Every structure is written in C-alpha cells, then in structure tokens.
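Contents: one structure, followed by commentary.
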C-alpha cells in the first residue's frame with residue numbers, strides 16, 4: 011500500500027514541474043486576423059393584424075424591428091392615402107402620416123433590435139374594412 015502512495019506522490023510532483031515549465035514559456039506575440047461577410051438582415055413586423063379600436067384609433071400591436079446594418083435602416087409604413095391628418099405612434103414618438111400613403115416612421119443610424127407599441131390616430135373616422143397597411147425595412151449600408 012505504501013509503495014503505491016509513493017508512486018502517486020511522485021507523479022503529482024512530476025506533473026507540477028511540467029506545468030510550471032509550460033507556464034514559464036515565452037510569448038511570441040502572434041496575431042490572427044479574421045475577415046468575413048455577414049449577410050445583411052433587416053426585418054420589421056407587427057405582432058397582430060390592425061384592429062380598429064374606435065373609429066379614430068387603429069391598434070397595430072407591437073412593432074418588432076431588427077437590423078444588423080451598422081449604417082442603420084429605415085422603416086417605411088404603407089397606408090391608404092385617404093388617411094388625411096392621421097398620426098402614427100411608435101412608443102412615445104409621433105409621426106404624421108404622409109398623404110401619399112408612404113411614410114418613413116423610423117430612420118435609425120445604427121444596427122438595433124427593438125420592440126415598441128404601435129398605433130394610428132385618425133383625424134376623421136375610418137370606414138369599416140377600409141384600412142390596410144404594409145411595413146418595409148430598407149438598410150442604409152451595403153447589402154450582402
């Protein structure tokens with residue numbers, strides 16, 4: 011039994027010497043450089059279909075948007091051009107809708123991932139079934 015314990019102690023001492031030799035090895039200051047291309051991915055979507063809550067308010071749920079373009083991106087909301095005086099609300103921001111039906115509602119200069127409440131307030135009551143929308147993301151930088 012004693013002989014076996016002595017062998018274990020000798021192995022431990024040998025490993026300790028080997029480990030200290032590795033730690034003391036000099037560094038040569040090597041550098042590795044990696045380059046690559048990551049595909050550009052920009053997305054935006056509402057969490058639910060538009061819901062006319064009152065004749066003057068449309069709830070769009072949550073707008074989730076993400077874009078990995080370091081130069082930023084734009085979110086364009088397409089709505090009927092007949093929504094004169096309507097305002098798009100995204101979180102605490104207020105964006106008047108364009109009479110043309112095409113409105114930039116987000117103009118970011120960085121990559122990001124955000125989810126915020128979205129709604130449209132109308133100046134004039136909306137006729138039932140007369141609202142349709144589409145959201146589009148447009149990266150600002152080079153698209154890969």
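Numbering (the working numbering), first residue to last: 11 to 154.
Every residue, glycine too, gets a C-beta built ideally from N, C-alpha and C.
These numbers come from a predicted model, not from an experiment.
Could you give the residue range of the beta strand (DSSP E) that holds residue 149?
Looking up residue 149 in the chain shown gives position 139. Its beta strand (DSSP E) spans residues 144-149.
Would residue 131 pass as a contact of residue 100 if the rule is Cβ separation under 9 Å?
Within the chain shown, numbered from 1, the residue matching residue 131 stands at position 121. Within the chain shown, numbered from 1, the residue matching residue 100 stands at position 90. Cβ distance not < 9 Å, so residue 131 and residue 100 don't count as in contact.
Buried or exposed for residue 96, please, with buried defined as at least 16 other CB atoms from any protein chain shown within 10 angstroms of its CB.
Taking the first residue of the chain shown as 1, we reach residue 96 at position 86. In summary, residue 96 is buried, with 16 or more beta-carbon neighbours lying within 10 Å of its beta-carbon over all protein chains present.
Tell me the rounded alpha-carbon separation between residue 153 and residue 136.
On the chain shown, residue 153 is found 143 positions in, with the first residue counted as 1. On the chain shown, residue 136 is found 126 positions in, with the first residue counted as 1. If I take the Cα positions, the gap works out to 38 Å.
Would you kindly check if the distance between the Cβ of residue 84 and the Cβ of residue 150 is under 9 Å?
Numbered from its first residue, the chain shown carries residue 150 at position 140. Numbered from its first residue, the chain shown carries residue 84 at position 74. A Cβ-Cβ contact shorter than 9 Å links residue 150 with residue 84.
Report all residues from its chain with a CB closer than 6 Å to the CB of residue 63; omit the five preceding and five following residues, and keep chain order.
Stepping through the chain shown from its first residue, residue 63 is reached at position 53. Correct list, in chain order: 69.
Contact belief for residue 143 with residue 89 at Cβ below 8 Å, rounded distance in angstroms
Here residue 143 is taken as the residue at index 133 of the chain shown, counted from 1. Here residue 89 is taken as the residue at index 79 of the chain shown, counted from 1. 5 Å between Cβ atoms; contact.
Using the Cα positions of residue 122 and residue 51, report the straight-line distance between them to the nearest angstrom.
Numbered from 1 along the chain shown, position 112 holds the residue referred to as residue 122. Numbered from 1 along the chain shown, position 41 holds the residue referred to as residue 51. C-alpha separation (whole angstroms): 11 Å.
Roughly how many angstroms lie between the CA atoms of residue 8 and residue 118, to the nearest whole one?
Past the boundaries of the shown model lies residue 8; the chain is included only from 11 to 154, so the question cannot be answered.
Taking Cβ to Cβ, would you say residue 115 is nearer than 9 Å to residue 105?
Here residue 115 refers to the residue found at position 105 when the chain shown is read from its first residue. Here residue 105 refers to the residue found at position 95 when the chain shown is read from its first residue. Their beta carbons are under 9 Å apart, which means residue 115 touches residue 105 by this criterion.
Would you kindly work out how many angstroms separate the C-alpha atoms of residue 27 and residue 40, rounded to a whole number?
Position 17 of the chain shown holds residue 27. Position 30 of the chain shown holds residue 40. The predicted position of residue 27 is uncertain, since its pLDDT is 43 and thus under 50; a value taken from the coordinates is nonetheless stated next. In a straight line, the C-alpha of residue 27 is about 26 Å away from that of residue 40.
Residues bridged to residue 62 (per DSSP)
By one-based count along the chain shown, residue 62 stands at place 52. Answer by DSSP bridge pairing, in chain order: 68.
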